[in-house]
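> In the numbering used here, the protein residues as written are 407 to 593.
Here a beta-carbon is modelled for each residue, glycine too, at the ideal position from N, C-alpha and C.
From a predicted model like this one, the values you see are computed outputs, not experimental measurements.
One structure follows; several queries about it will come next.
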């Protein structure tokens with residue numbers, strides 16, 4: 407959306423919607439989700455590395471983050487395209503979520519990471535993204551090791567953002583994606 411004025415008041419209902427969706431059981435937990443994440447990172451990082459938008463070192467750091475936290479990364483049913491432009495206001499605080507063709511098993515917190523990453527980069531609204539994440543943390547019953555479970559998924563989405571920037575010809579300034587990467591690895 408071009409005009410996001412008033413969007414902040416919808417953060418509570420959006421978090422509520424996400425929390426309800428997280429209750430849906432995965433179709434199957436038979437495959438190793440961390441292996442799939444690493445496979446996607448390898449696929450998504452080739453072009454950004456070749457075009458010097460992403461460093462091999464940063465890609466390896468995200469891969470290492472996934473490997474270190476492999477036992478903590480769970481499978482969950484996800485909308486897989488959970489973004490503001492797929493939400494329609496019905497009447498405050500009710501929302502309709504559309505565009506379900508990408509629904510599938512993904513890592514737990516994928517929708518959270520995707521929403522955060524897309525609001526941060528595509529909308530170029532880091533404060534709004536941070537507010538959403540903080541609200542989610544307050545409203546959800548999170549495990550003590552939430553960061554170890556969430557950050558690998560966010561890392562995968564950040565790599566996906568670099569890839570989208572090239573393949574989808576996303577006009578987002580690449581510096582926004584690089585700033586987001588610093589959240590995980592402040593160095």
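Of all the beta strand (DSSP E) runs that stay within the bounds of the segment 432-518, which reach a length of 3 or more residues?
481-484, 493-497, 500-503, 510-513
> Leaving aside the five residues before and after residue 478 along the sequence, list all residues of the same chain whose C-beta is less than 7 Å from its C-beta, in chain order.
551, 554, 555
> Could you tell me which of 480, 561, 537 sits nearest to residue 520, measuring between CA atoms?
561
> Which runs of the alpha helix (DSSP H) fall wholly inside the segment 522-580 and span at least 4 residues, in chain order?
Counting whole runs of 4 or more residues, the segment 522-580 contains the alpha helix (DSSP H) stretches 532-545, 552-573.
> Check for me: the alpha helix (DSSP H) holding residue 426 runs from which residue to which?
Where residue 426 is concerned, the enclosing alpha helix (DSSP H) stretches over 417-427.
> Residue 643 and residue 450 look like a contact to me (Cβ under 8 Å); what is the Cβ gap, rounded to whole Å?
Look at the range of the chain in this structure, 407 to 593, and you will see that residue 643 is not part of it.
> Quick check on residue 413: does DSSP put it in helix, strand or coil?
In this structure, residue 413 counts as helix in the three-state DSSP scheme.
> Buried or exposed: residue 512, going by 16 or more other Cβ atoms within 10 Å of its Cβ?
buried
> When DSSP labels each residue in this structure, what does residue 589 get in the three-state scheme?
helix
> Under 6 Å Cβ to Cβ from residue 504, same chain only, skipping five residues before and after it: list those, please.
492
> So, residue 517 versus residue 488, is the Cβ gap smaller than 8 Å?
For residue 517 and residue 488, yes; Cβs fall inside 8 Å.
> Quick one, are the C-beta atoms of residue 506 and residue 421 less than 8 Å apart?
no
> With a cut-off of 8 Å, do at least 3 Cβ pairs link the segment 581-589 to the segment 524-536?
yes
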